[in-house]
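For reference, the structure is listed below as structure tokens.
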Amino acid sequence: MTTMTIAKAINEGLRATLAANPKSLLMGEDIGPLGGVYRVTDGLIGEFGPDRVVDTPLAESGIIGTAIGLALRGYSPVCEIQFDGFVFPGFNQITTQLAKIHSRSSGKLSVPVVIRIPYGGGIGSIEHHSESPEALFAHTAGLRIITPSNPHDAYWMIQQAVQCQDPVIVFEPKRRYWLKGEVDVEAPGPSEDPFKAHVLREGTDATVVAYGPLVPVALAAANAAEEDGRSVEVIDLRSISPIDFDTVTASVRKTGRLIVTHEAPTFGGIGGEIAARISERAFHSLEAPVIRVGGFHMPYPVAKVEEDYLPDIDRILEALDRALSY
Amino acid sequence: MYAATGMYSFRGIYPSDIALHPDAASKENGMGTHLPSTEFDGTAVDDQREADAEAVMGEPAARMVQLLGPDGKLGTDPVFSGYADKLTPEDLRGLYADMAAIRRFDVEATALQRQGQLALWVPLTGQEAAQIGSGRASQPQDYIFPTYREHGVALTRNVDLAELLRQFRGVSNGGWNPKDTNFHLYTLVLAAQTLHAVGYAMGIQRDQKLAAASDPAGREPDAAVIAYFGDGASSEGDVHESMVFASSYKAPVVFFCQNNHWAISVPTNVQTRVPLSNRAKGYGFPGIRVDGNDVIAVHAVTEWALEHARQGNGPVLIEAFTYRVGAHTTADDPTKYRQSAEEDAWRAKDPLARLEKYLRAEGLADDAYFAKVKADGDELAAYVRRTAHDLEDPDIRQAFASVYREAHPLVAEELAWFEEYSAGFAGGDESAGQAAEAGH
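Line by line, the protein sequences give chains C and Z.
For the first sequence, this note's numbering gives the first residue as 1, with consecutive numbering after it.
For the second sequence, this note's numbering gives the first residue as 1001, with consecutive numbering after it.
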């Protein structure tokens, strides 16, 4: 076991990937000598050289589009998009090309491209630097979407993403980049399957599903609830596409109540999808409507008011009160 | 006016081929409406703009490489004649046969669409020389990224032309295996494939380094990539980004732009105010305009460009100056936006007619040869028609199977539901009944 931050864990995961797979390479803006704006690729160009750690021109469609071409030639590119709000120039390549090439070739071609996107708010930044666009990608068949919430998962999930033969988007919780935790670099253990949800805390009164940056918030809310005598189960979803509905369903059958929280706006979001599926799968177990705790239907607000926008412990506890009032 | 010297100087920096159309300045007369045109109208304002631009930029006049003129006479070019000279009489007859075959195929596919056998067809007539000349210049190890009109290039890459119809019949999104032919699937989202081409070329560069490090003696032949696109797609941002990336990394890619003068209904001068080949200069690599209806020049220029790329000298942009004689697709109606006189002027520059004239004049082919080409074309058409009729409708289970390469619980769940739902029709619906019996 080694203690490291999420940023360092991804860095180590990328290092392990580059060392193990000679056809893997990193591409992105400022990822070379600078090590990326979050230093996630720090030191890698020195070890693996500029053909493996590629500083690209400043063009997101170009990054994704050329990564697709490299994948068609047998390479495993890992693209870094600098910030969530800057992925959209590459949206066309991701949704019309990357997601569809396996399908439109009737399975003859594969494009195992990995796209890393630092996402989410809470960092006091200016516009386009704090968004959570995961639902836009989850709606696109052909993509897989995962998001680690802790260093151990971060270390293993980036490597698992590269090993996957399908395109994978890794949403990295940027405000947790400096969160420290223990990493077992020898074995993934329970993190062997990146598409499985983890029950982080068992409970009997309600289930809170969270992912990425809100996992620590959900755990803190569960701890606070415990002081009031409420037993809350917390699930780290880990994978946004596919979603591990089996784990969520089993939990709701036990607790009867479900709260889903994410930073992204609730309308059209992942929480709505989970609510719909769980109402189908566990209708007779539900004691209350599934409650979503998420962002409002507005562009991500300016930093000075983002605390009012982002789900926090109190908003999760308020939702818990509502769920328990039924 | 259309000199067979291989050199054609345009007036200043603009792609005015007024000289190719002596009547261009008065072409709107007689129609009663002012239709958009690919030509500049030669007004004083444009002359002034041209003069100013030349003074500011010092841009040399664009030239167009041409070897075989519409009169069927072979001219010379200081660089490209050397490449053209390598073509044997057999090669020249082959280029003609390919062009004739793909034109016949185009006629047949259009007919199949009209008869309801295809949902849509994208005709290529007029662009045979641009496609056959460039495709025949490629080597087996090269990789081709087409748009959706490169049926002629597909022929040169040994794609089964009947398979090509799968996409337009709605039974698949591409019937061929790109790994067998090094001819990628058609890409319908304009210019997206230009970036794929550059990335693929970046992969070739890395393969060469890996191979050199592991086994210097067992080196594979150098390869390059061709990215096809059109004058309309040249406005897409992906073309710009692909040229930036290609130039930055000196990627072995040839950008092959077929300027067929019309992006559905919009003429080229809405996409660009300079010859498209001139744009290469801004990215720092060679740009060549070639007579796209001259199969010999297209072959020579493409061969040169591919060599340039394979030898590690970076990308090349080729603008093949040609014309879409027919409609954009079978859903299009060119009479709404362009004049038949313009089409007639381009028909006079037909790529097949000029090569036929040359072959006959040089005694390289006779009536019997052309009769054989026609008979072969009819045989191809019959084969395509027969095979297109026989294409089996797919099963949606194949769609479920190819969303992801690895197992996916949502796809599995939805497929299971579909099977159960379908089984409910057992006895009534034949395919569902068979599926149930097969134990799906």
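Every residue gets a Cβ at the ideal spot worked out from N, C-alpha and C, and that includes glycine.
No experiment lies behind these values; they were computed from the predicted model shown.
Residue i to residue j span [Cα, whole Å]
i	j	result
residue 211 of chain C	residue 147 of chain C	7 Å
residue 207 of chain C	residue 133 of chain C	24 Å
residue 1325 of chain Z	residue 1125 of chain Z	6 Å
residue 1405 of chain Z	residue 1415 of chain Z	15 Å
residue 289 of chain C	residue 60 of chain C	40 Å
residue 1228 of chain Z	residue 1085 of chain Z	26 Å
residue 85 of chain C	residue 159 of chain C	24 Å
residue 43 of chain C	residue 1397 of chain Z	47 Å
residue 1312 of chain Z	residue 1250 of chain Z	7 Å
residue 100 of chain C	residue 68 of chain C	11 Å
residue 47 of chain C	residue 1248 of chain Z	22 Å
residue 87 of chain C	residue 64 of chain C	10 Å
residue 1359 of chain Z	residue 1135 of chain Z	21 Å
residue 1033 of chain Z	residue 1257 of chain Z	Summary for residue 1033 of chain Z: the model assigns pLDDT 46, below 50, so the residue's position carries little reliability; its value from the coordinates is reported in the next sentence. Distance between the alpha carbons of residue 1033 of chain Z and residue 1257 of chain Z: 31 Å.
residue 17 of chain C	residue 173 of chain C	21 Å
residue 19 of chain C	residue 294 of chain C	39 Å
residue 1296 of chain Z	residue 1190 of chain Z	28 Å
residue 72 of chain C	residue 1120 of chain Z	28 Å
residue 298 of chain C	residue 129 of chain C	15 Å
As assigned by DSSP and simplified to three states, the class of residue i
i	result
residue 1189 of chain Z	coil
residue 180 of chain C	strand
residue 1269 of chain Z	helix
residue 223 of chain C	helix
residue 285 of chain C	helix
residue 1346 of chain Z	helix
residue 1120 of chain Z	coil
residue 1181 of chain Z	helix
residue 1340 of chain Z	helix
residue 1194 of chain Z	helix
residue 1041 of chain Z	Low confidence applies to residue 1041 of chain Z: its pLDDT is 42, below 50, so where it sits in the model is not reliable, and the reading given next is rough at best. Coil, per DSSP.
residue 277 of chain C	helix
residue 1308 of chain Z	helix
Proximal residues to residue i (C-beta, below 8 Å), its chain only, five neighbours per side dropped
i	result
residue 1171 of chain Z	1391, 1392, 1393, 1394
residue 268 of chain C	135
Cutoff 7 Å; reference residue i; Cβ partners in own chain excluding five residues on either side
i	result
residue 1083 of chain Z	1300, 1303, 1304
residue 225 of chain C	232, 317, 320
residue 1200 of chain Z	1143, 1225
residue 1192 of chain Z	1238
C-beta contact flag for residue i and residue j at 7 Å
i	j	result
residue 1361 of chain Z	residue 1093 of chain Z	no
residue 1122 of chain Z	residue 1387 of chain Z	no
residue 1215 of chain Z	residue 1310 of chain Z	no
residue 1198 of chain Z	residue 66 of chain C	yes
residue 255 of chain C	residue 281 of chain C	no
residue 1321 of chain Z	residue 1344 of chain Z	no
residue 1152 of chain Z	residue 1132 of chain Z	yes
residue 1294 of chain Z	residue 1074 of chain Z	no
residue 1354 of chain Z	residue 1089 of chain Z	no
residue 1381 of chain Z	residue 1206 of chain Z	no
residue 1219 of chain Z	residue 1211 of chain Z	yes
residue 1183 of chain Z	residue 1157 of chain Z	yes
residue 1246 of chain Z	residue 1315 of chain Z	yes
Same chain only: Cβ atoms within 6 Å of residue i, ignoring 5 sequence neighbours per side
i	result
residue 40 of chain C	7, 10, 11
residue 308 of chain C	none
residue 1367 of chain Z	none
residue 137 of chain C	143, 145, 169
residue 124 of chain C	303
residue 230 of chain C	205
residue 151 of chain C	4, 6, 9, 181, 183
residue 1196 of chain Z	1145
According to DSSP, residues forming a beta bridge with residue i
i	result
residue 164 of chain C	Paired residue(s): none; residue 164 of chain C is not in a bridge.
residue 1263 of chain Z	Z/1266
residue 298 of chain C	None, per the DSSP bridge assignment.
residue 1227 of chain Z	Z/1145, Z/1255
residue 148 of chain C	BP columns for residue 148 of chain C are empty, so no partner.
residue 265 of chain C	C/295
residue 25 of chain C	C/77
residue 1132 of chain Z	Residue 1132 of chain Z is not bridged to any residue.
residue 1287 of chain Z	Z/1317
Heavy atom of the ligand ZN within 6 Å of residue i beta-carbon
i	result
residue 121 of chain C	Ligands in the displayed structure: none, and consequently the ligand ZN is not present.
Beta carbon proximity, residue i to chain D, threshold 7 Å
i	result
residue 1405 of chain Z	Judged by its chain identifiers, the structure shown contains no chain D, and its protein chains are C and Z.
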